[in-house]
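In terms of full-length UniProt numbering, the sequence shown opens at residue 1 and continues consecutively. Report on the following structure.
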Amino acid sequence: MATAAKEATDKQEQENQQTEKEFKELVNMSASELKKWLDTDESKSVGQKKDDAKESTGHESGRKIIEILDKKKKDYDEDDYDQMHRTISYIKRHMAQKPKETEGSNWAYSLKNWGHDPNKK
Numbered sequence: 001m002a003t004a005a006k007e008a009t010d011k012q013e014q015e016n017q018q019t020e021k022e023f024k025e026l027v028n029m030s031a032s033e034l035k036k037w038l039d040t041d042e043s044k045s046v047g048q049k050k051d052d053a054k055e056s057t058g059h060e061s062g063r064k065i066i067e068i069l070d071k072k073k074k075d076y077d078e079d080d081y082d083q084m085h086r087t088i089s090y091i092k093r094h095m096a097q098k099p100k101e102t103e104g105s106n107w108a109y110s111l112k113n114w115g116h117d118p119n120k121k
């Protein structure tokens, strides 16, 4: 029984490491860049809002991403890994829908809310 628990823990650790790696590859904005971006009108102008929410899902995620970027790896919890998964999925999905014109587009603004600047070199 102890071996099965150890294997499950090892598997979870490997999944977490892979998640961190992908998250760091896709989130190409620093916490300070993202904070600055989230304060702009452009950032607030895009995204879907749940029911009567004042903030879009992407904007809310941006704030959570900043929290993750500001944390030390050893302090990550299950919620952080869940947010990393959502972020990776969103960025990958959204990148596949790239329009012809990206500069100043809602597409680019939305990606930036999720910590990915598609125009960053």
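No residue lacks a Cβ here, since even glycine has one placed at the ideal position from N, Cα and C. Note that the structure is a prediction, hence the values are computed from the model and not measured.
Continuous alpha helix (DSSP H) stretch holding residue i: start and end
i, result
"residue 67", "57–70"
"residue 94", "78–95"
"residue 110", "106–113"
Assigned exposure category for residue i - 16 Cβ within 10 Å defines buried
i, result
"residue 110", "buried"
"residue 45", "exposed"
"residue 82", "exposed"
Beta-carbon separation (whole angstroms), residue i vs residue j, contact threshold 8 Å
i, j, result
"residue 29", "residue 112", "7 Å"
"residue 86", "residue 61", "7 Å"
"residue 31", "residue 69", "4 Å"
Proximity of residue i and residue j at Cβ, strictly below 8 Å
i, j, result
"residue 66", "residue 26", "no"
"residue 107", "residue 90", "no"
"residue 84", "residue 15", "no"
"residue 79", "residue 71", "no"
Below 8 Å, can you find three or more Cβ-Cβ pairs linking the region 35–45 to the region 87–101?
-> no
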